[in-house]
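Peer 1: The structure that follows is given in the form of structure tokens.
Protein chains: 2
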Amino acid sequence: MATRPDSSADGRTGAVPVPTRERILLAAGKLFHGEGIRAVSLDAVAARAGVTKRTVYYHFRSKDDLVAAYLEARDPPNLDWFRRHYSEAAGDVATRIEALFAALAGAAAHPRWKGCGFLRSSVELVKTPGHPAMNAARAHKKRLEDWLCGLFQVARADGARELARQIVLLIDGGFAVVLLNRDAGYMDSAGRAAGTLVRAALARGREPRHGEGGGEGNGGGNGDG
Amino acid sequence: MATRPDSSADGRTGAVPVPTRERILLAAGKLFHGEGIRAVSLDAVAARAGVTKRTVYYHFRSKDDLVAAYLEARDPPNLDWFRRHYSEAAGDVATRIEALFAALAGAAAHPRWKGCGFLRSSVELVKTPGHPAMNAARAHKKRLEDWLCGLFQVARADGARELARQIVLLIDGGFAVVLLNRDAGYMDSAGRAAGTLVRAALARGREPRHGEGGGEGNGGGNGDG
DNA sequence: TCACGTATATTCACTGGTCAGTATACTTGG
DNA sequence: CCAAGTATACTGACCAGTGAATATACGTGA
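Chains as they are written, first to last, in full-length UniProt numbering: chain B, 1 to 225; chain Y, 1 to 225.
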């Protein structure tokens, strides 16, 4: 015990036994995602991590802190999931976006699927808009949108930013609706809608008249950054 | 006290004093919608309604019952809101749908706006899929979808059911994303996406080859019920 | 018309339990 | 020895739900 190979650890301890902090974060992730933030007590997190609650409070100042850390930890793997499924698909941008939705639908079809942890957390924290976990969720969705926007710009789609926002809207709409109806078919409908929108933007992008492609795309004039 | 001018009450008591059950439901609605289900205790509901908690338990068997009743009560006025804003708009179906989203964006721009109560409740109740409140939420969204589907069928749009599902996805996506980012501009983006999709479906519907308009529309073959 | 019974409606005071967070003491590697 | 890390055991607040008593409306038989 009492081994804490700092975040910058280089493995020199040999056979690193999963540091306590990470074990807690892992347990918190499973429980928060599976049952919701408010529904999970720190006692439950501690039990699952195999430590006492006091140890949790040694590594995290409060439950809010732990929630924020959980969401921040979820960000990179989640984005990687999107990038991987996109890059593994073949065809033009529209077809690959459709493939992305097909992958989402596949995941959502599993009975234990629980939707998007970022969105769900944001709902549980409506009362506290400045909560660090809310910022983490916003940052994650922004990175997703930026990544999509980049794809669309490269493909010379018309209004890349606006299109990226609309795809995000369809993804998050899919998360919400499938979670409510427990019918992954809605995610397929979202995918077809996305395909239609991307193809329309690609077609507009190929029209000669509007010289520059990304001009009007900056969010349609609602102060996006 | 103890005056309960039954639901079929005439005004003979003079200035009907809002029956207790309704007062409770009203208080519950305000609090649940404003702060979330789990965040609100029945003590708080009782206090706001001006009764004791025991009285709440006289009119509702449990908190779950009260939550379900709250959502069921919200269904008709919510659908009316959609119908009203649609019927007050001018132009073809696509334009009027866009107007609907504009109205949503207007509502969402208010700082105290808290998203869709049905969606938020469904998130708070993920752990209990059979919860009566979940059924109420599903029923509400289904009615919204059916209403949209009817509009599109009348307009002879191609794939009316699928189109209705996609509009619902955009609406609910807008709810989720705006709630997270506190930027009603996303609802405008959703509206433009909706307009694009509806126009595409109208154009396809006007093509002569595919004879019947609503045939393929039943969910696009993903086992919808 | 009135006394009485009964169903309805409401209150006060309580229980059993959960949970975020803490005071304090023990352990162990360096 | 000391400081990081962990454990035991506790506090204070909150909360869903209940027991028992009380108050009011209303029908009915004499």
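Here a beta-carbon is modelled for each residue, glycine too, at the ideal position from N, C-alpha and C.
1. Would Arg206(B) pass as an interface residue toward chain Y - the criterion being a Cβ-Cβ separation below 7 Å?
2. Asp172(Y) touches chain B at which residues, Cβ-Cβ below 7 Å?
3. List, in order along the chain, the chain Y residues whose C-beta lies closer than 8 Å to that of Ala193(B)?
4. Taking 7 Å as the cut-off, decide whether the C-beta atoms of Ala44(Y) and Ile24(Y) are in contact.
5. Could you pull out every residue in the same chain whose Cβ sits closer than 6 Å to the Cβ of Leu148(B), ignoring the five residues on either side in sequence?
6. Kindly say whether Lys127(Y), judged by its beta-carbon, lies nearer than 7 Å to any beta-carbon of chain B.
7. Name the chain Y residues whose beta carbon is nearer than 9 Å to that of Gly117(B)?
8. Can you tell me whether DSSP reads Ala102(B) as helix, strand or coil?
9. Let me know if Arg61(B) comes out buried or exposed under the rule of 16 or more other beta-carbons within 10 Å of its beta-carbon.
10. Taking Cβ positions only, does Leu180(Y) come closer than 7 Å to chain B?
11. In terms of alpha-carbon separation, which member of Val126(B), Ala194(B), Ser41(B) lies closest to Phe118(B)?
12. Enumerate in chain order the residues of its own chain whose CB-to-CB distance from Asp98(Y) is below 6 Å, with the five nearest sequence positions on each side excluded.
13. Hey, out of Leu31(B), Gly205(B), Lys114(B), whose CA is closest to Val40(B)'s CA?
14. If you count every other CB in all the chains shown that lies within 10 Å of the CB of Ser87(B), and 16 or more means buried, which is it?
15. What residues in the stretch 44 to 74 of chain B bring their beta carbon closer than 9 Å to a beta carbon of chain Y?
16. Mind checking if Val40(B) is an interface residue toward chain Y, Cβ cutoff 7 Å exclusive?
17. Give a yes or no on whether the minimum CB-CB distance between Glu98(Y) and chain B is below 7 Å.
18. Quick check on the DSSP output: what are the complete alpha helix (DSSP H) runs of length 4 or more inside the stretch 36 to 84 of chain B, in order along the chain?
19. What does Lys141(Y) reach in chain B if we use C-beta pairs closer than 8 Å?
20. Output, in chain order, the set of chain B residues within a Cβ distance shorter than 8 Å of Arg120(Y).
21. Would residue 258(B) and Ala103(B) qualify as a contact pair, given that the criterion is a beta-carbon distance under 7 Å?
22. Excluding the 5 residues flanking Tyr57(B) on each side, which residues of the same chain have their C-beta closer than 6 Å to its C-beta?
23. Hey, does Glu35(B) have any beta-carbon neighbour from chain Y nearer than 7 Å?
24. Which residue marks the beginning of the alpha helix (DSSP H) containing Glu145(B), and which one marks its end?
25. Which residues in chain Y sit within 8 Å of Lys114(B), going by Cβ to Cβ distance?
26. Residue range of the alpha helix (DSSP H) that Glu162(Y) falls in?
27. Going along chain Y in order, which residues have a C-beta closer than 7 Å to the C-beta of Ala28(B)?
28. Can you look up Ala200(B) in the DSSP assignment and give me helix, strand or coil?
29. At a CB-CB cut-off below 7 Å, which residues of chain Y make contact with Ala157(B)?
30. Can you list, in chain order, the residues of its chain with a C-beta nearer than 7 Å to that of Ala184(Y)? Leave out the 5 residues immediately preceding and following it.
31. Buried or exposed for Asp80(B), please, with buried defined as at least 16 other CB atoms from any protein chain shown within 10 angstroms of its CB.
32. Below 7 Å between beta carbons is the criterion; list the residues of the stretch 75 to 108 of chain B that meet it against any residue of chain Y, in chain order.
33. Whether or not the stretch 67 to 77 of chain Y and the stretch 131 to 146 of chain Y are in contact is what I'm after, with contact meaning three or more pairs of Cβ atoms, one per stretch, closer than 8 Å; do they touch?
34. Please report the residue range of the alpha helix (DSSP H) in which Leu119(B) lies.
35. Do Phe152(B) and Ala139(B) have their C-beta atoms closer together than 7 Å?
36. Taking only beta-carbon positions, decide if Gly219(Y) is within less than 7 Å of chain B.
Peer 2: The relevant details are as follows:
1. no
2. Gly173, Ala176, Val177
3. Gln166, Leu169, Leu170, Ala193, Leu197
4. no
5. Ala164, Ile167
6. yes
7. Chain Y residues near Gly117(B): none, gap ~11 Å exceeds 9 Å.
8. helix
9. exposed
10. yes
11. Val126(B)
12. Going by the sequence as given, residue 98(Y) is Glu instead of Asp. Excluding sequence neighbours, Glu98(Y) sits near Gly191, Gly195.
13. Leu31(B)
14. exposed
15. none
16. no
17. no
18. 42 to 49, 53 to 59
19. Val177, Leu180, Asn181
20. Val123, Val126
21. The structure shown has nothing for residue 258(B), since chain B only spans 1 to 225.
22. none
23. yes
24. 132 to 154
25. Val126
26. 160 to 181
27. Here the premise fails: no neighbours, minimum Cβ distance about 17 Å.
28. helix
29. None at all; the shortest Cβ gap to chain Y is about 13 Å.
30. Ala105, Ala108, Ala109, Val178
31. exposed
32. none
33. yes
34. 117 to 124
35. no
36. For Gly219(Y), the predicted structure reports a pLDDT of 34, less than 50, and the residue's modelled location is therefore unreliable. The matter cannot be settled from this model.
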